[in-house]
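Notes for the one structure printed next.
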Amino acid sequence: MYKLLLAWRYLRTRYIALASIISVTLGVATLIVVNSVMAGFTQEMHQRLHAILSDVVVECYNLNGMPDPDWHMHEIRQVAGDQIEGMTAVVHVPAMLTFKHRGRSFNRQVNLIGIDAETYADVSDFRQYLLHPANQQLLTFALHEDGYAPERADFPVSGWKHRRMKAELEQQMEEERRRAEELQAALHGG
5 MYKLLLAWRY LRTRYIALAS IISVTLGVAT LIVVNSVMAG FTQEMHQRLH AILSDVVVEC
65 YNLNGMPDPD WHMHEIRQVA GDQIEGMTAV VHVPAMLTFK HRGRSFNRQV NLIGIDAETY
125 ADVSDFRQYL LHPANQQLLT FALHEDGYAP ERADFPVSGW KHRRMKAELE QQMEEERRRA
185 EELQAALHGG
């Protein structure tokens, strides 16, 4: 007990010693917190990358793609046997996308990814990121009339109904813009 009283006596009279102890304590606490956060971040990144990329990826850099991927998958299954949980063929194709938005034309480079809808869910967590239950059953981006999944009632209106309303609104806005331009041209011209 006397050690605690002696330490308190010296720390109370010397603020530099107290400030040093507090700063070392805060530094160590910060180090522990940052280390824990980084460890959690590393684990989360590992899980997400593993969900996207498989354990083994066989690539082909031929412009025509891998010749007969089914044969290659069959040969791999012959060698590895039951140790393979899932396998799928994926195609990555660089492409150019041109689209018009509000009368302007835009070009963008995109990477098209073709997947096998029946087997891709076996090797990735892609299914859980699709919002509609029908899209989760068979991996597809099809737009459904009823929009999102029923448990996502707080989401905005979506689906074909939303697309039709949005297209009508854009068409009305375009007509109003055209009328305004014609009116402005008539006022300045006449």
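All residue numbers for the sequence shown refer to my numbering, where the first residue is 5 and numbers rise by one.
Even for Gly, the Cβ is constructed at its ideal location relative to N, Cα and C.
All values derive from a computational prediction rather than experimental measurement.
(1) Count the CB pairs spanning the segment 88–95 and the segment 118–130 that are closer than 8 Å, and state whether there are at least three.
(2) Going by DSSP in three states, valine 62 sits in which element: helix, strand or coil?
(3) Since serine 27 is in the alpha helix (DSSP H), which residue starts that stretch and which ends it?
(4) Buried or exposed for valine 127, going by 16 or more other Cβ atoms inside 10 Å?
(5) Taking 7 Å as the cut-off, is the C-beta of arginine 16 nearer than that to any heavy atom in the ligand GTP?
(6) Please report the residue range of the beta strand (DSSP E) in which histidine 96 lies.
(7) Assuming asparagine 115 contacts proline 137 (C-beta within less than 8 Å), just tell me the rounded distance between them.
(8) So, using beta-carbon positions, are leucine 143 and isoleucine 119 closer together than 8 Å?
Taking the coordinates as given:
(1) yes
(2) Within the sequence shown, numbered from 1, the residue matching residue 62 stands at position 58. Valine 62: coil per DSSP, three-state reduction.
(3) Taking the first residue of the sequence shown as position 1, residue 27 is located at position 23. From DSSP, the alpha helix (DSSP H) with serine 27 extends over 19–56.
(4) Mapped onto the sequence shown, residue 127 falls at position 123. Valine 127 is buried by the Cβ-count criterion.
(5) Because no ligand of any kind appears in the structure shown, any question about the ligand GTP cannot be addressed here.
(6) Stepping through the sequence shown from its first residue, residue 96 is reached at position 92. Counting along the chain, the beta strand (DSSP E) containing histidine 96 begins and ends at 94–105.
(7) Position 111 of the sequence shown holds residue 115. Position 133 of the sequence shown holds residue 137. Incorrect: roughly 28 Å between the Cβ atoms, too far for contact.
(8) Here the question's residue 143 lines up with position 139 in the sequence shown. Here the question's residue 119 lines up with position 115 in the sequence shown. Yes, the Cβ-Cβ distance between leucine 143 and isoleucine 119 is below 8 Å.
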